Amino acid sequence: MSQRQRFSQLNLLVNQRLALLEESIKLYHTDQTALQTQNDITERSVKLREEMRPVIAEIKAEEQSYLRATLDQSNDSINFRIWIEILGTILSLAVISSLCVILNRQWVKRDQIESLEVSLAQQKEFSELKVRLFAMISHEFRTPLSIILLSSQLLSETLKEVVDEQQVKNLYRIQSSAKLMNHLLTDILTLTRAEADKLDYTPQLINVENFCLNLVEDLQLFGTTSHVIEFRNYGHCFRANIDEKLLYSILSNLLLNAIKYSFAGGHIYLILNSEAEYIVFQVIDEGIGIPPEEQPKIYELLYRCQNVENIVGIGLGLPVVKKCVERHQGEITMKSAVGVGTTFTVKIPHQNK
Numbered sequence: 611m612s613q614r615q616r617f618s619q620l621n622l623l624v625n626q627r628l629a630l631l632e633e634s635i636k637l638y639h640t641d642q643t644a645l646q647t648q649n650d651i652t653e654r655s656v657k658l659r660e661e662m663r664p665v666i667a668e669i670k671a672e673e674q675s676y677l678r679a680t681l682d683q684s685n686d687s688i689n690f691r692i693w694i695e696i697l698g699t700i701l702s703l704a705v706i707s708s709l710c711v712i713l714n715r716q717w718v719k720r721d722q723i724e725s726l727e728v729s730l731a732q733q734k735e736f737s738e739l740k741v742r743l744f745a746m747i748s749h750e751f752r753t754p755l756s757i758i759l760l761s762s763q764l765l766s767e768t769l770k771e772v773v774d775e776q777q778v779k780n781l782y783r784i785q786s787s788a789k790l791m792n793h794l795l796t797d798i799l800t801l802t803r804a805e806a807d808k809l810d811y812t813p814q815l816i817n818v819e820n821f822c823l824n825l826v827e828d829l830q831l832f833g834t835t836s837h838v839i840e841f842r843n844y845g846h847c848f849r850a851n852i853d854e855k856l857l858y859s860i861l862s863n864l865l866l867n868a869i870k871y872s873f874a875g876g877h878i879y880l881i882l883n884s885e886a887e888y889i890v891f892q893v894i895d896e897g898i899g900i901p902p903e904e905q906p907k908i909y910e911l912l913y914r915c916q917n918v919e920n921i922v923g924i925g926l927g928l929p930v931v932k933k934c935v936e937r938h939q940g941e942i943t944m945k946s947a948v949g950v951g952t953t954f955t956v957k958i959p960h961q962n963k
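Every letter in the sequence shown is one number past the one before it in this note's numbering, and letter 282, counting from 1, is 892.
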């Protein structure tokens, strides 16, 4: 039974008791001796009262149940809101913490970038200072070296017919040592400029065949042993757009290494060839060769292979060659076998920029 039905039933019972009460009052005013009728009315009124009690109890129980349900629902709603607020607070704290972490990382990155910029600026300044220093040292050394070379050449020409051949050879050794020292200064300055990204590059059209012939003739004076350098031109390219100074550093270092690490009297070959996109230079020797496990390291600065024994050198030549080839946007490859010899191949694009 619904609460509405209970209220309707209770209203009906109340109306019935009120009707009995009115009937009892009227009877009392009209006939006060009608006791039996009054007793019947009283009994019926009591009976109606007894019928009303369970209805009122049910209504009360229903109301209490509704109140408890309402209270439970209110408690659930309050608890839900509390959890939502707690969760919102936690999420807010998480977002704030994340933002703090992100901002901290950004500050750290900014500090790192600023530190890196300062470091790069210092490194750039140091590189420029090093270039200026080596340029000054090179200039200061080249002046006396030029005097030594010129004086020894004049002495050799003057005393050629006067002194014996052994003394003239000593003058040639002086000239060779002065040229080698000048070459070493050039290599150091080239590496320093390359590291500072200031390596000059001024390509121009040159006669490559004449350049190679003059280089071979010049380098024959460098060696103190009897090596034969042969130049061979297998291509049809006689002119190319190349930086002459850098090309001299490339080929002279490769040929000097070939002389240094070849056996006395051995043959060394400078090969000129051409391809569709490249002009190709090869330096071939029959020297001591490079061990396979050390070949990946040969372009490292100051690196020397274990099998060079007592051969004089400091490990500058091949790093210089690598830098000069890269400046031409070219390629360099090497094949070598211990005790057989080494072949270096340099490819320079015809239209390098």
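The C-beta atom is built at its ideal place from N, Cα and C for all residues, glycine as well.
Quick caveat, the model's predicted, so the values are computed rather than measured.
Per DSSP, residue 731 is paired with what?
BP columns for residue 731 are empty, so no partner.
Looking at residue 810 and residue 926, is the spacing between their C-beta atoms short of 8 Å?
no
Quick check: what's the CA-CA separation for residue 664 versus residue 699?
51 Å
Please specify which runs of the alpha helix (DSSP H), each continuous and at least 4 residues long, are wholly inside the stretch 764-849, giving them in chain order.
775-805, 818-829
Validate contact between the stretch 806-823 and the stretch 865-876 using beta carbons, cut 8 Å, 3 pairs:
The stretch 806-823 makes no contact with the stretch 865-876; the number of CB pairs closer than 8 Å stays below 3.
Relative to the C-alpha of residue 923, which candidate in 735, 812, 791, 939 has its C-alpha closest?
Answer by Cα proximity: 791.
In the structure shown, what three-state DSSP assignment does residue 892 receive?
strand
Please name the residue, chosen from 867, 861, 881, 866, that lies closest to residue 844 on a Cα-to-Cα basis.
Selected option, being the one with the closest Cα: 881.
Name the one or two DSSP bridge partners that residue 879 has.
BP columns for residue 879 point to 840, 894.
Check for me: the alpha helix (DSSP H) holding residue 860 runs from which residue to which?
Note, residue 860: alpha helix (DSSP H), 854-870.
C-beta neighbour in chain B for residue 821, strict 8 Å
Here chain B cannot be found, since the structure has a single protein chain.
For the putative contact between residue 905 and residue 954, defined by C-beta atoms under 8 Å, what is the C-beta separation to the nearest angstrom?
Residue 905 to residue 954, Cβ: 12 Å. No contact.
Given a threshold of 16 other Cβ atoms within 10 Å of its Cβ, counted over all protein chains shown, does residue 713 qualify as buried or as exposed?
Under this definition residue 713 is an exposed residue.
Any contact of the stretch 623-638 with the stretch 667-682, i.e. 3+ C-beta pairs under 8 Å?
Counting Cβ pairs under 8 Å, fewer than three are found: no touch.
Tell me where the beta strand (DSSP E) around residue 957 begins and ends.
951-959
By Cβ distance, which residues of its chain are closer than 8 Å to residue 766, with the 5 residues on each side in sequence left out?
These residues qualify, in order along the chain: 778, 781, 782, 785.
If you draw a straight line from the alpha carbon of residue 672 to that of residue 640, how long is it in whole angstroms?
44 Å
Could you tell me whether the stretch 757-772 touches the stretch 724-731, using the rule of 3 or more Cβ pairs below 8 Å?
No, the stretch 757-772 is not in contact with the stretch 724-731.
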